[in-house]
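Asks: One structure follows; several queries about it will come next.
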Amino acid sequence: MKWTWASGDTMTHTFSPAISGNELEKGGIKLWLYNTYPLAGENLTVSFQNNASTTVTVSQFNIMLNFKGWRAVWVSYQEAIVTENNITDMKITAPTTQATIHPLYFDLLHFASEVMKQSRDKVVPTLDPNLYPNDKFWHQTYHKSQVPPPNISVTTPNQEKLDSLTLIEKRLENWFVNQAQSSVQFPTNAQKRWMSLQMQVDSAHTQYGQLNIVKNLEGVITGMPLYADKSKVTGGKKFGEVVEKVLLPLALDYHVRSRDVDVNALAADQLSNLNGAVDQKNDAIKKIAGGNQNIQDIFTTALGTNQTAYTLEEVKVAIGTLNTMRNERLLLLLEYIEDQGWSDGSSIGSLDHEMNNVGAGFMNAVFLLRKEITAAGKIDDYVATMKWYNEFGGVYQDPFEYAGTTADRMRTISLFRQDVFMLFTVLMMPTSTDAKKLDKIRDMEELVSWYANALSPNEGFAGVLKPDYLGFHHNSYYASAYTPHAIHCGALIEFLLSGTPFKLSEHTSKHIKKGLETMRIVAVKYSTPNSVAGRFPGFYRAILAQNFPAYAYAGATAPSLNDDGSLGEIAALDSDKIKMFLRLNDAGNKDVSNYLEDGTISKSIYYLNSIGSINIMEEISSKAASMSITAESSPQGFWTKNYASLVIARRENWAVTMKGFNKYVWDYEASSNQNVYGLYQSHGALLVANSEASLKTLDIDNGWDWTRHPGTTTIKMDLEQLVSLQRRYFQPRELAGGLTLIGGGNYPTGVFGMDFSQPSYQFPAGSFQLDITFEFKKSVFFTDFAVICLGSGITTTMSSPSITQTTLFQTKLLNANNPSSILINETSHSLSTNLKKAPSFFGRGNHAATLMDVNGNTYYIPEAHNQGLNVKIGRQKSRNRRGSRRTSARYATAWLDHGVNPMDKGYEYTIFVNRPSGEIRTLADNQANGSYLYEVLQKDNKAHVVKINNSPRQGETQYGYVFFNKSVRTLGPVRSVEKDPCIVMVEEVDTQNLHIAVSYPNLNFNISRTLNHGNDVNGQERFYSVSMPVDIKVGVSRAVNVATGDVRVNGEIVPDADKTNHVMVIPISDGATTGSAIVFKQLSKGFTTEVKLTR
């Protein structure tokens, strides 16, 4: 609708019936407005009135008209409320103005019964600040745009800093593609990336034509309409689709092909083919112009026909003409996207997740086209647009609102707003005047401060990094997505800024290193556990095979400029970081080689697989070889990560993880079509990952029993009974987490404990599951290759007819032609043959059973019959992770059947990881005849206590304690604790020397209310929660000397002067030199405090 308005004109609309009730509470107006000419200081007034008797304004807002092009307006009645009343009429009032009047165009104006996820912008600024608090993550753009930049105190630009910004820009450009290398010269993997990208480029040209972009003589642009991701309008495309699938591929292609080095090399390389036979000429045209016929025609027209041979210069001129046309198409595409509403100050209706869809493609493309944009006189406009969508005002905060950023922002806005996106923005800022140079330097300095804050651990639910260097997303650890890419981006930033005045501080660099170290600890090599996969379940995902370049970036100092302005060589390497990179950069691994060869734009949220990154990694690898730096061995040790209720034990090349959840760590994430059956993902999931290959036997998309994740204690419900209406549940109990003991052995070891009470799962109304109560307590004690598992208090009500169970293993038959086998009491059984062994098979009484799974891990189960041991081989039927497809496969599964509605049941079993099968039989015999590897001293609802003999060395003894209740008195060197729940571990080196470690796994946030699920976490709790310290007094059976040896907190030795702030032995009496009570002080963040003592 075209409105040729005059000053003060109005348009009205009467509602029949009046807007009232739920529609008035939730509804609002949505429209698109096209302005042909910006009017600074002028606005439309939109009024919703009640004219039943007298005119009463119910809701009212202004639409600022200082823009050109399309803008979306989404406003709810309630956010602009003036008076509580029904709405009978709408009136739109034009500005009262003396300015020249230009028509306005309205489109898609409708009154929606529900308006949600709307974002405020410079067209309709914030009306009700209460609707956009800082935890409304996606709706902070306007708020951040109002933060003013700090004043600049100097008057003369610092030339060294300006030169450094030029250097950083060249480094970044080189990351996209080696600027000294033509596409003809690309090394093997870079060439494969280039060729895979070309398929997307051809498609992008086709889709470009489908947009029907036309710019008439008056400069008016028309084309297919574009909408926000949250828009429900049909008949057009989403901004994200066009930017990812059209703009970015074409910009990358143009950037590579338009360089002089590429034009010259490609012309020389294809000259003879252009002068050859028809097939040769057609192949040459395709190599020069790509596979799209329209683009080929542009080139052949420019080349013309020649009765004799084409000359090199003629080919170069034709390629130049083609590149000019590519450039013109790209600039028109950008202008069209801007005209459709992607512009400074525009929210396109909703910015909810929009930077995830548009950010990477737009920011990368604009950076690559910055010279062409500058030449077109549009650089200021695009810098303003980048600052708007990247929320650049956030870098000006002083102080910052909170520590850390989010994984979404680190991946998108970091490289692209918060890392590189914002770096792109600064690097694109013009330097045509001293004032602009000073602005650019100031913004870079502010950005570096923002990086330091963004990469700082946040103690609460917010931020990317936690104090234990796990990476958070959606208020919990997310290992399979989001955080690996966020840290990848952080490492790339470190590389780009290295060796300049803007380099990251040692403190910030340490945070990146710790984050990288943690990622490769949690993953067996490339794949992280299913239990920490969020809504992207799977045991074999190889996420680090896509992110290992981060280790190279963090470990290298980027090149400086040569005298001729070209980039030199990589300057220096950090041996420790490069060793991690070399271990993961295994070209013999299929997932790694696939990543190295893949140049496609596969994600809208980030772009990290650049062609130039191949050259950088190859140069780093070559330099490392010249410096005799070799790959690290697989990490060995034990790590506690209580921000995820997670422990990791590593020996040789295998990793074992144990995962739970508690009142501050949620269990799983799902959506209507993601991880649909993931309810039991964190119910004490014990993953034995022997290798990447072994994880293929745990195949959630083919026949997987979703109630039998290894290690978990669960109820054997049907698939549809696992589907909950909510996700990210916290549970009422405090304990789920671990402890790490450094001790005196070759490697650290530890304990895990969990106390579980079923959350109030939101199952569909009428579901029998709503009445179920379910509790258990479990613990795991680790020693070298042995994993000792205990359970007690397993109690379920109202679950009939479903049994309660604890799963030992569930492994799939991978190759029917070469079937794998399991062992049951040393007898082999092929997975190709059906088998069912019930508890009666194992004999009544105190008869132990031994098993071996298909991956070579062995299991000792004492009193197998009484514990309800079942082993089955057969075909399982299930559904895939999305619930969209029926699946089946053959599996071998072992579980302990606790019965229907069990009361106070328990279990005990031990796993030997990757050991010969005979050793588990020896363990069973030794446990039977009293030559104990371990002894269960207590296993009830108050404590689990295990004594491990000859560990870590012959003649030494370790004790593990999981205290569920402080009222208990226990056997062994520890008799009591005065606070529960907690975990204690003791290593008695001899009669005189011992190590004691204590952990309070509960994060103990300063939150007084109960959190039921992740959506309960409010902004204050998310950003500002603090892990409150506690003191725990431990009573020991034999007095120890008051003077202590080394004290460690989270594995780090504290200075002698600080030891008494963490550990204090209370003397038996005044002046005594010994004591039988030890106070472990200031326990927080789930960290372990350990002390070496003497008797």
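Once you know that position 66 of the sequence shown is 66 in UniProt numbering, the rest is easy, because the numbers rise by one and skip nothing. A virtual CB, placed ideally from N, CA and C, is assigned to each residue, including glycine.
I need the boundaries of the alpha helix (DSSP H) containing Thr424, first residue and last residue.
Replies: Sequence check: residue 424 is Phe here, not Thr. It spans 420 to 428 - the alpha helix (DSSP H) in which Phe424 sits, taken as one unbroken run.
Asks: Which stretch, first to last residue, makes up the beta strand (DSSP E) that contains Ile512?
Replies: Run containing Ile512: none in the beta strand (DSSP E); it sits in the alpha helix (DSSP H), 506 to 522.
Asks: Under a three-way DSSP split, which group does Met410 fall into?
Replies: Residue placement at Met410 is poorly supported in this model, since its pLDDT is 42, which falls under 50; the coordinates are not used for a value here.
Asks: Would you report the Cα separation of Glu372 and Ser672, rounded to the nearest angstrom?
Replies: 44 Å
Asks: Using three-state DSSP, classify Gln293 as helix, strand or coil.
Replies: helix
Asks: Taking 8 Å as the cut-off, does the stretch 692 to 708 touch the stretch 929 to 937 (at least 3 CB pairs, one atom from each stretch)?
Replies: Short answer: they don't touch.
Asks: Should Pro150 go down as buried or exposed, given a rule of 16 or more other Cβ atoms within 10 Å for buried?
Replies: exposed
Asks: Measuring CB to CB, does Trp138 end up less than 8 Å from Asp352?
Replies: In this structure, Asp352 lies closer than 8 Å to Trp138 by Cβ.
Asks: CA-CA distance, Pro225 and Ile213?
Replies: Cα to Cα, Pro225 sits roughly 10 Å from Ile213.
Asks: Within its chain, find whatever has a CB closer than 7 Å to the CB of Gln876; leave out the 5 residues flanking it on each side and keep chain order.
Replies: Gly703, Asp705, Ser888, Ala889, Tyr891
Asks: To the nearest angstrom, how far is it from the Cα of Ile772 to the Cα of Phe763?
Replies: 11 Å
Asks: Using only the alpha-carbon positions, how far apart do Lys905 and Gln758 sit?
Replies: Computed Cα separation, rounded: 16 Å.
Asks: Along the beta strand (DSSP E) that carries Phe367, what are the first and last residues, could you check?
Replies: It is not in any beta strand (DSSP E) - Phe367 instead sits in the alpha helix (DSSP H) that spans 360 to 368.
Asks: Going by other Cβ atoms of all chains shown within 10 Å of its Cβ, with 16 needed for buried, is Pro17 buried or exposed?
Replies: exposed
Asks: For Ala523, I'd like the list of residues in its chain whose CB is within less than 8 Å of its CB, leaving aside the five on either flank, ordered along the chain.
Replies: The beta carbon of Ala523 lies closer than 8 Å to those of Ala479, Ile543, Leu544, Ala655 in the same chain, with the five residues before and after it left out.
Asks: Span of the beta strand (DSSP E) holding Ile648?
Replies: 646 to 651
Asks: Report yes or no: do the stretch 236 to 243 and the stretch 282 to 297 share at least 3 C-beta pairs separated by less than 8 Å?
Replies: no
Asks: Which residues share a DSSP beta bridge with Val787?
Replies: Phe782, Ile911
Asks: Can you tell me which of Glu114, Lys68, Ala689, His511 puts its alpha carbon nearest to the alpha carbon of Gly21?
Replies: Gly21 has its Cα closest to that of Glu114, out of Glu114, Lys68, Ala689, His511.
Asks: Provide the residue span of the beta strand (DSSP E) that contains Ser878, from first to last.
Replies: 869 to 879
Asks: Helix, strand or coil for Val656 per DSSP?
Replies: strand
Asks: Just list the beta strand (DSSP E) runs in the stretch 880 to 967, keeping only unbroken ones of 3 residues or longer that don't cross its boundaries, in chain order.
Replies: 886 to 900, 905 to 912, 934 to 939, 943 to 949, 957 to 963
Asks: Where Pro559 and Asn1050 are concerned, what is the direct C-alpha to C-alpha distance, given to the nearest angstrom?
Replies: 36 Å
Asks: Classify Ala1039 as helix, strand or coil using the three-state DSSP reduction.
Replies: Assignment of Ala1039 by DSSP, reduced to helix, strand and coil, places it in the strand class.
Asks: Quick one: what does DSSP say Gly28 is sitting in, helix, strand or coil?
Replies: strand
Asks: By how many angstroms is the C-alpha of Tyr451 removed from the C-alpha of Glu908?
Replies: 48 Å
Asks: Kindly list the residues whose CB is nearer than 7 Å to the CB of Trp388, restricted to its own chain and excluding five residues on each side of it in sequence; keep chain order.
Replies: Thr141, Ser145, Asp344, Gly345
Asks: Would you mind reading off the limits of the alpha helix (DSSP H) that contains Val256?
Replies: From DSSP, the alpha helix (DSSP H) with Val256 extends over 248 to 257.
Asks: From the DSSP output, which residues share a beta bridge with Arg71?
Replies: In DSSP, Arg71 forms a bridge with Leu33.
Asks: Suppose you measure from the CA of Val278 to the CA of Ser272; what does that come to, to the nearest Å?
Replies: 12 Å
Asks: What residues in its chain sit with their C-beta under 7 Å from that of Ser505, if we drop five residues either side in the sequence?
Replies: Excluding sequence neighbours, Ser505 sits near Ala452.
Asks: Mind checking Ala462: buried by the 16 CB within 10 Å criterion, or exposed?
Replies: buried
Asks: In chain order, what residues of the same chain have a beta carbon less than 8 Å from the beta carbon of residue 1104, not counting five sequence neighbours either side?
Replies: Given a span of 1 to 1095 for the chain in the structure shown, any question on residue 1104 remains unanswerable.
Asks: Within this structure, are the beta carbons of Gly599 and Trp175 separated by less than 8 Å?
Replies: no
Asks: Do residue 1123 and Leu330 have their CB atoms nearer than 8 Å?
Replies: The structure shown has nothing for residue 1123, since the chain only spans 1 to 1095.
Asks: Classify Met1 as buried or exposed, calling it buried when 16 or more other Cβ atoms lie within 10 Å of its own Cβ.
Replies: exposed
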